[in-house]
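Asker: Quick one: the structure is below, questions incoming.
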């Protein structure tokens, strides 16, 4: 779970689902061969095989 504090507001990311690969319907040009050279994607957005990691999540905003 990720948390950020901005002033008096706390934001918490709650992951509902995380999937690897199968992104052709959203990013058809993001093939493994295209993604592997983009080193900053790993490890948070791409696995070792070049599959993109996609997250469906909610953000909880606590204003006090």
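Numbering (this note's numbering), first residue to last: 1315 to 1378. Glycine included, C-beta positions come from ideal geometry on N, C-alpha and C. Source: prediction; values computed, not measured.
1) Tell me the rounded alpha-carbon separation between residue 1338 and residue 1326.
2) Beta-carbon within less than 6 Å of residue 1364's beta-carbon, same chain only, minus the 5 sequence neighbours each way: which residues are those?
3) Report the residue from 1319, 1322, 1329 and 1336 whose alpha carbon sits nearest the alpha carbon of residue 1370.
4) Between 1317, 1335 and 1374, which has its C-alpha nearest residue 1359's C-alpha?
5) Rounded to whole angstroms, what is the Cα-Cα separation between residue 1375 and residue 1331?
Answerer: Looking at the coordinates:
1) Between residue 1338 and residue 1326, the C-alpha separation is close to 29 Å.
2) Answer for residue 1364: 1346, 1349 and 1350, listed in chain order.
3) Nearest option by C-alpha distance: 1329.
4) Measuring from the Cα of residue 1359, the nearest candidate turns out to be 1335.
5) Residue 1375 and residue 1331: Cα-Cα distance of roughly 19 Å.
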